[in-house]
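Asker:
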Amino acid sequence: DTEVTQTPKHLVMGMTNKKSLKCEQHMGHRAMYWYKQKAKKPPELMFVYSYEKLSINESVPSRFSPECPNSSLLNLHLHALQPEDSALYLCASSQGVRFVTGRETQYFGPGTRLLVL
Amino acid sequence: TQLLEQSPQFLSIQEGENLTVYCNSSSVFSSLQWYRQEPGEGPVLLVTVVTGGEVKKLKRLTFQFGDARKDSSLHITAAQPGDTGLYLCAGPLGGGATNKLIFGTGTLLAVQP
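Residue numbers (our numbering), protein chains in the order written: chain A, 5 to 121; chain B, 1118 to 1230.
Below, the structure written as structure tokens:
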């Protein structure tokens, strides 16, 4: 099973709402990621969790709050978002985080399409 | 400054044509990966190239890593509508225990039947 699942598939929220995005993998991967992707653009890394600890935060605004409750689950809590935060939010996982070896593969979920009104 | 520049940015071709997508950098990478992202899906890994000058084939797709490991190309022979998607190269950045993948600027390919 090489599947990463994400819920919900679509989300519309107001700027004062609080919502959460969920991601799950059962491949035994120890690294999980959140990316933001605008239309026809490459994914931009937001956060990296390695062994359930936050190892990379790409200077993401605090209105995005990640959480890794266990090695299979990754959440992204959203609060007071702006319209420019509307995008596809992708979750990914990999066995490890040593991409320089050329042996790591990231598996992506289908994404949550977020619209902030 | 974008570390991995892809060209062309957009490509619309007819079924059966050949095409080449380029991924260029001024930096040396230990490896480069190519992903394809279809509409409504996340990116899917196609190949990883690790040795300068390496050529890998995946059916009608041929990937090459430059001798100096600063660039890579993807050649598609006899393109089919199913090849439509966003093609992304990606390379590792950062030393130490945790690296991250940085993605190229992307090439959006549309193959018309």
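Ideal Cβ positions, reconstructed from N, Cα and C, are used throughout, including at glycine.
Since residue 67(A) is in the beta strand (DSSP E), which residue starts that stretch and which ends it?
Answerer: By one-based count along the first sequence, residue 67(A) stands at place 63. Segment: none, residue 67(A) is in no beta strand (DSSP E) and carries neither H nor E.
Asker: In whole angstroms, what separates the C-alpha of residue 1123(B) from that of residue 1164(B)?
Answerer: Residue mapping note: residue 1123(B) aligns to position 6 of the second sequence, counting from 1. Residue mapping note: residue 1164(B) aligns to position 47 of the second sequence, counting from 1. Rounded to whole angstroms, residue 1123(B) to residue 1164(B) spans 16 Å at the Cα level.
Asker: Nearest chain A C-beta to residue 1220(B) closer than 8 Å, yes or no?
Answerer: Numbered from 1 along the second sequence, position 103 holds the residue referred to as residue 1220(B). Cβ-Cβ to chain A under 8 Å: yes for residue 1220(B).
Asker: Any chance you could list the beta strand (DSSP E) runs of at least 3 consecutive residues sitting entirely within the region 1153 to 1196 of chain B, in chain order?
Answerer: The region 1153 to 1196 of chain B contains these whole beta strand (DSSP E) runs: 1161 to 1166, 1172 to 1175, 1178 to 1182, 1188 to 1193.
Asker: Quick check on the DSSP output: the beta strand (DSSP E) that includes residue 1220(B) runs from which residue to which?
Answerer: In the second sequence, the residue the question calls residue 1220(B) occupies position 103. First-last of the beta strand (DSSP E) with residue 1220(B): 1217 to 1220.
Asker: Mind checking the region 47 to 66 of chain A against chain B and listing, in chain order, the residues whose C-beta falls within less than 7 Å of any C-beta there?
Answerer: Listed by position along the chain: 47, 49, 52, 54, 59, 60.
Asker: Check residue 104(A) in the structure and name its three-state DSSP category.
Answerer: Translated into positions along the first sequence, residue 104(A) becomes position 100. Of the three classes helix, strand and coil, the one that applies to residue 104(A) here is helix, per DSSP.
Asker: For residue 1167(B), go through chain A and note every residue whose CB falls closer than 9 Å to its CB, in chain order.
Answerer: Your numbering for residue 1167(B) matches position 50 in the second sequence. Within chain A, the residues near residue 1167(B) are 105, 106, 107.
Asker: Three Cβ pairs or more, each shorter than 8 Å: is that satisfied between the region 1132 to 1141 of chain B and the region 1194 to 1213 of chain B?
Answerer: Verdict: yes, contact present.
Asker: Counting only the same chain and skipping the five closest in sequence on each side, list residues whose C-beta sits under 6 Å from that of residue 97(A).
Answerer: On the first sequence, residue 97(A) is found 93 positions in, with the first residue counted as 1. Within the same chain, residue 97(A) has close Cβ partners 8, 29, 33, 36, 111.
Asker: Taking just the CA atoms, how far does residue 20(A) sit from residue 1190(B)?
Answerer: Here residue 1190(B) corresponds to residue number 73 of the second sequence, with the count starting at 1. Here residue 20(A) corresponds to residue number 16 of the first sequence, with the count starting at 1. In a straight line, the C-alpha of residue 1190(B) is about 45 Å away from that of residue 20(A).
Asker: Exposed or buried, which one is residue 1175(B) when buried takes at least 16 other CB atoms within 10 Å?
Answerer: Position 58 of the second sequence, counted from the first residue, corresponds to residue 1175(B). With fewer than 16 other Cβ atoms within 10 Å, it is exposed.
Asker: Decide if residue 1186(B) is buried, meaning its Cβ has at least 16 other Cβ atoms within 10 Å, or exposed.
Answerer: Reading the second sequence from its first residue, position 69 is the one you call residue 1186(B). When all chains shown are included, residue 1186(B) counts as buried.
Asker: Between the Cα of residue 100(A) and the Cα atoms of 56(A), 50(A), 84(A), which residue gives the shortest distance?
Answerer: Along the first sequence, one-based indexing puts residue 100(A) at 96. That would be 56(A), whose Cα lies nearest to the Cα of residue 100(A).
Asker: Would residue 1122(B) count as contacting chain A if we go by Cβ distances under 8 Å?
Answerer: The residue labelled residue 1122(B) in the question sits at position 5 within the second sequence. Chain A, which has no Cβ nearer than 8 Å to the Cβ of residue 1122(B), makes this no.
Asker: Listing by chain order, which chain B residues have their CB less than 8 Å from the CB of residue 12(A)?
Answerer: For this step, residue 12(A) is matched to residue 8 along the first sequence. What residue 12(A) touches in chain B: nothing, since even the nearest Cβ is about 14 Å away.
Asker: With DSSP as the reference, identify every bridge partner of residue 58(A), one or two as the case may be.
Answerer: Start at 1 with the first residue of the first sequence, and residue 58(A) comes out as number 54. For residue 58(A), which the question treats as bridged, DSSP gives the partners 53(A).
Asker: Compare the beta carbon distance of residue 1220(B) and residue 1121(B) with 8 Å and say whether it is the shorter of the two.
Answerer: Along the second sequence, read from residue 1 onward, the residue named residue 1220(B) stands at position 103. Along the second sequence, read from residue 1 onward, the residue named residue 1121(B) stands at position 4. Yes, they are a contact pair.
Asker: Between residue 1135(B) and chain A, is the shortest Cβ-Cβ distance under 8 Å, so that the two count as touching?
Answerer: Taking the second sequence and counting its residues from 1, the one referred to as residue 1135(B) is at position 18. It does not: the Cβ of residue 1135(B) has no partner Cβ on chain A nearer than 8 Å.
Asker: How would you list, in chain order, the residues of chain A whose beta-carbon sits under 7 Å from the beta-carbon of residue 1171(B)?
Answerer: Translated into the one-based positions of the second sequence, residue 1171(B) becomes position 54. The contacting residues do not exist; residue 1171(B) stays about 10 Å from chain A at best.
Asker: So which residues of chain A does residue 1225(B) contact, with C-beta pairs closer than 7 Å?
Answerer: Within the second sequence, residue 1225(B) is the residue found at index 108, counting from 1. Chain A residues near residue 1225(B): 44.
Asker: Just verifying my parser: in three-state terms, what is the DSSP assignment at residue 1208(B)?
Answerer: Numbered from its first residue, the second sequence carries residue 1208(B) at position 91. Three-state DSSP puts residue 1208(B) in a strand.
Asker: How many whole angstroms separate the CB atoms of residue 1222(B) and residue 46(A), which I take to be in contact at a CB cut-off of 8 Å?
Answerer: Here residue 1222(B) corresponds to residue number 105 of the second sequence, with the count starting at 1. Here residue 46(A) corresponds to residue number 42 of the first sequence, with the count starting at 1. That belief holds up - the Cβ atoms of residue 1222(B) and residue 46(A) are roughly 6 Å apart, short of 8 Å.
Asker: Give the DSSP bridge partners of residue 1137(B), in chain order.
Answerer: In the second sequence, counting from the first residue as 1, residue 1137(B) sits at position 20. Partner(s): 1192(B).
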